[in-house]
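So that you can map any letter, position 70 of the sequence shown is 69 in numbering that gives the first Met the number 0, and since no number is skipped, the others follow by simple counting.
Virtual Cβ for every residue (Gly too), placed ideally from N, Cα, C.
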Amino acid sequence: MKAVSGEVRAVVVEREIAHPPEKVWRALTQPHLIAEWLMKNDFVPALGHRFTFRSDWGGILDCEVLVVEPNSRLSYRWNFAHDDPSFDLKSVVTFTLIQTDKGTHLRMEQVGFRPGQKQAYGGAKAGWRQFLERLDEVLRE
């Protein structure tokens, strides 16, 4: 049995998008498009590339690309250093794209929330829903 203090939680958001995986992939991997739905960045879809996300609220996330499978799967470290342990986050974000008859099934998972990070976990749950709504808007343009 695992000790409760060692458990981590994940935020998972899934949605159907009425666009092909290639178009969704482009919005997930092109820096100017990522900036429209997520955050300012210096992202490059290359294994091992280190990059940052810069938020409107002043936060800076240190990231590293872990998986690049074009039109299928993208994963990166998503670390936010903070003096308060309840916000000091070391996590991994993974996008999985599955082609469907109507477009793409998109699954986003962010794993790494520790038990004492309830506020960060709740913020991520709400935040990812909003981010993916904006992604839908960017894809419609």
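Status (buried if at least 16 other CB within 10 Å, exposed otherwise) for residue i
i          : result
residue 56 : exposed
residue 46 : exposed
residue 29 : exposed
residue 23 : buried
residue 64 : buried
residue 17 : exposed
residue 54 : exposed
C-alpha gap between residue i and residue j, whole angstroms
i          : j           : result
residue 79 : residue 112 : 11 Å
residue 15 : residue 134 : 12 Å
residue 68 : residue 84  : 33 Å
8 Å CB neighbourhood of residue i in its chain, flanking five on each side removed
i          : result
residue 72 : 66, 93, 94, 95, 96
Three-way DSSP call (helix, strand, coil) for residue i in this model
i           : result
residue 9   : strand
residue 138 : helix
residue 121 : helix
Proximity of residue i and residue j at Cβ, strictly below 7 Å
i           : j           : result
residue 20  : residue 103 : yes
residue 137 : residue 26  : yes
residue 139 : residue 12  : no
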